[in-house]
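The numbering of the sequence shown is the numbering used here, which starts it at 13 and goes up by one. For reference, the structure discussed in these notes is given below.
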Amino acid sequence: GPAKATRKVMRKRAARGSSFIEAICIATVLIPITLVLLDCITIVIANSMNDTAAKNAARAAASQEDGGNAALAAEKAIAPFKKPSPIINSLSIKELAYGADTVSCTTTIDIHLPMPFPGYTNLKFDAKDIEPIVGKKVNP
């Protein structure tokens, strides 16, 4: 009768309710994991950009005849990496050493994490590259 039909409806509702609670529990675990992965991916990409910027700056500086031109060439080489971004606060040359045979360039990138950990809103990373000087004229 009607009591049996009511019990059947109640069981279906209970099953739907427990499925909803399971979905909420899974979401509370998966969402934080996804946000941590997003931050990790951001860190890896920013480090890669910084490494590339350091290498490009060192190569550009190494192709110059003197330290003054080397500094200008290095700044010009990292200019494409300095475009405004919600993630990258700044990218700059920390140190440029034009030696007798090699050029050493250290760049620093300051990033803002999209979903920051408490106390880790902004992170800074350094990258260094050393290239042989190829721009000097050799005296015969």
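All C-beta atoms, glycine included, are put in the ideal place defined by N, C-alpha and C.
| Check | Outcome |
| --- | --- |
| Residues in the same chain with beta-carbon distance under 7 angstroms from K67, minus the five sequence neighbours each way, listed in chain order, please. | D141 |
| Return the chain-ordered list of same chain residues with a C-beta closer than 7 angstroms to the C-beta of S30, the five sequence neighbours on each side being excluded. | none |
| Please identify the residue among S104, F137 and N81 whose C-alpha is closest to the C-alpha of P92. | S104 |
| I need the straight-line Cα distance from T133 to K148, nearest angstrom please. | 44 angstroms |
| Is the CB-CB distance between I90 and I123 below 7 angstroms? | no |
| Could you tell me the boundaries of the beta strand (DSSP E) in which E87 lies? | Per DSSP, E87 belongs to no beta strand (DSSP E); it is in the alpha helix (DSSP H), G79 to I90. |
| May I have the straight-line CA-CA distance separating I165 from F129, to the nearest angstrom? | Any answer about residue 165 is impossible in this case: the structure gives the chain only from 13 up to 152. |
| Put I33 into one of helix, strand or coil per three-state DSSP. | helix |
| Which term fits V41, buried or exposed, when burial requires 16 or more other beta carbons within 10 angstroms of its beta carbon? | exposed |
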